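Structure record follows, encoded as structure tokens.
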């Protein structure tokens with residue numbers, strides 16, 4: 014779901030107006046004592062900081078308004094407009110996870126990631142002279158890429174992803190979130206079925222049906238990013254569509 018933005022015009026006062034204001038404030042300060050002069054200095058500093066913040070916010074809004082990769086995502090900080098073009102960039106310095114909106118494992122987020130990858134992955138392949146997408150992309154328990162053994166462009170795709178860590182992060186994130194969504198769906202199905210039972214026999218039958226949920230060595234769903242011949246993505250868990 015792409016969105017558009019109404020930009021807010023964050024304008025800053027003109028230099029002439031600023032000069033006049035400061036002169037008038039300094040004149041007032043001169044007749045009011047040192048405390049007033051300090052207040053004028055603090056106010057001027059705050060005005061400059063606010064202007065810089067406004068410009069930064071305006072520039073960010075402008076970039077997002079021109080991006081075709083902005084989606085409303087469910088995050089740890091509420092629903093946020095996220096630009097995938099910048100969100101998955103590899104940080105140049107350590108990141109405080111508490112300061113960024115982390116993507117939550119929800120069906121809506123998986124849908125948006127699936128749509129985004131369907132849109133950008135075919136172009137990614139074309140840019141790297143790879144004629145076709147693999148039938149599937151999977152990740153093992155160590156997060157390493159697993160491609161079909163009969164895929165003729167495996168080495169080329171691995172090299173392209175190594176040179177484009179942003180794309181690799183998008184694929185890994187889509188796989189990870191979908192895996193959690195699939196696991197949660199199973200638990201939700203159990204809770205719904207169990208809530209409808211009225212006898213002990215029915216309860217026992219539901220518990221037996223979902224007994225794998227209570228296994229300490231419970232296996233996570235087998236995930237796969239399945240691509241059509243045109244590069245459109247469908248994310249599956251145990252060969253069933255996640256969303």
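Numbering (our numbering), first residue to last: 14 to 256.
Cβ atoms here follow ideal geometry from the backbone N, Cα and C, with glycine treated the same way.
These figures come from a predicted structure and were not determined experimentally.
Thinking residue 191 and residue 133 are a contact (beta carbons under 8 Å), I'd like their distance in whole angstroms, please.
For the purposes of this step, residue 191 is taken as the residue at position 178 of the chain shown. For the purposes of this step, residue 133 is taken as the residue at position 120 of the chain shown. Actually they do not touch by this definition, with Cβ atoms about 17 Å apart.
Rounded to whole angstroms, what is the Cα-Cα separation between residue 174 and residue 180?
For this step, residue 174 is matched to residue 161 along the chain shown. For this step, residue 180 is matched to residue 167 along the chain shown. Taking the straight line from one Cα to the other gives about 7 Å.
Threshold first: 4 residues or longer. Then list the alpha helix (DSSP H) segments lying entirely within the region 188-227, N to C.
213-222
Return helix, strand or coil for residue 179, following the three-state DSSP convention.
Along the chain shown, one-based indexing puts residue 179 at 166. If DSSP states are grouped into helix, strand and coil, residue 179 belongs with the helices.
Please state whether DSSP places residue 146 in a helix, a strand or coil.
Here residue 146 is taken as the residue at index 133 of the chain shown, counted from 1. Residue state, collapsed to three classes: coil.
Please give the ranges of any alpha helix (DSSP H) in the region 101-143, keeping only runs that are unbroken, at least 4 residues long and fully inside the region.
120-140
Would you tell me roughly how many angstroms separate the C-alpha atoms of residue 243 and residue 139, rounded to the nearest one?
Translated into positions along the chain shown, residue 243 becomes position 230. Translated into positions along the chain shown, residue 139 becomes position 126. Residue 243 and residue 139: Cα-Cα distance of roughly 11 Å.
I need the straight-line Cα distance from residue 238 to residue 95, nearest angstrom please.
Against the chain shown, residue 238 aligns to sequence position 225. Against the chain shown, residue 95 aligns to sequence position 82. If I take the Cα positions, the gap works out to 22 Å.
Comparing C-alpha positions only, which one of 161, 206, 226 sits nearest to residue 240?
Taking the chain shown and counting its residues from 1, one reaches residue 240 at position 227. Looking at the Cα atoms, 161 is the closest of the given residues.
Within 8 Å of any Cβ in chain C, is that where the Cβ of residue 175 sits?
Absent here is chain C; the protein component of the structure consists of one chain.
With a 10 Å radius around its C-beta and 16 neighbouring C-beta atoms as the bar for buried, classify residue 201 as buried or exposed.
Position 188 of the chain shown, counting from 1, holds the residue named residue 201. Classification of residue 201: exposed, given that the 10 Å Cβ count is below 16.
Endpoints, beta strand (DSSP E) assigned at residue 84
In the chain shown, counting from the first residue as 1, residue 84 sits at position 71. Segment 83-88, the beta strand (DSSP E) holding residue 84.
Consult DSSP for residue 98 and reduce its assignment to one of helix, strand or coil.
Residue numbering aside, residue 98 sits at position 85 when the chain shown is read from its first letter. Three-state DSSP puts residue 98 in a helix.
Going by beta carbon distance, what residues of the same chain come within less than 8 Å of residue 142, once the five residues before and after it are set aside?
Sequence index remark: in the chain shown, residue 142 carries index 129 (1-based). So the list reads 169, once near-sequence residues are dropped.
Pick helix, strand or coil for residue 186, following the three-state DSSP scheme.
Here residue 186 corresponds to residue number 173 of the chain shown, with the count starting at 1. Residue 186: helix per DSSP, three-state reduction.
Run the CB neighbour count on residue 234, radius 10 Å, all protein chains shown included, and call it buried at 16 or more, exposed below.
Translated into positions along the chain shown, residue 234 becomes position 221. With 16 or more other Cβ atoms within 10 Å, it is buried.
Burial state of residue 135, where buried means 16 or more other Cβ atoms lie within 10 Å
Taking the first residue of the chain shown as 1, we reach residue 135 at position 122. Per the 10 Å Cβ criterion, buried.
Taking all protein chains shown into account, decide if residue 147 is buried (16 or more other Cβ within 10 angstroms of its Cβ) or exposed.
In the chain shown, the residue the question calls residue 147 occupies position 134. So residue 147 ends up on the buried side.
Under 8 Å by Cβ, that's how I've got residue 119 and residue 87 pegged, so tell me the actual separation to the nearest angstrom.
For the purposes of this step, residue 119 is taken as the residue at position 106 of the chain shown. For the purposes of this step, residue 87 is taken as the residue at position 74 of the chain shown. Going by Cβ atoms, the distance from residue 119 to residue 87 rounds to 5 Å, so yes, they are a contact pair.
Which value, in whole angstroms, describes the spacing of the CA atoms of residue 208 and residue 197?
Numbered from its first residue, the chain shown carries residue 208 at position 195. Numbered from its first residue, the chain shown carries residue 197 at position 184. Using only the alpha carbons, I get a separation of about 16 Å.
Apart from the five residues on each side of it in sequence, which residues of its chain come closer than 7 Å, Cβ to Cβ, to residue 156?
Within the chain shown, the letter at position 143 stands for residue 156. Closer than 7 Å at Cβ, skipping near neighbours: 185.
Cβ of residue 171 within 8 Å of Cβ of residue 159?
Working through the chain shown from its first residue, we reach residue 171 at position 158. Working through the chain shown from its first residue, we reach residue 159 at position 146. The answer is no: Cβ separation not under 8 Å.
What are the boundary residues of the beta strand (DSSP E) that residue 236 is part of?
As a first step, residue 236 must be located in the chain shown, where it is residue number 223. Start and end: 236-240.
Tell me which residue opens and which closes the beta strand (DSSP E) that residue 243 is part of.
For the purposes of this step, residue 243 is taken as residue 230 along the chain shown, with counting starting at 1. Looking at the DSSP string, residue 243 is not in any beta strand (DSSP E), and its letter there is neither H nor E.
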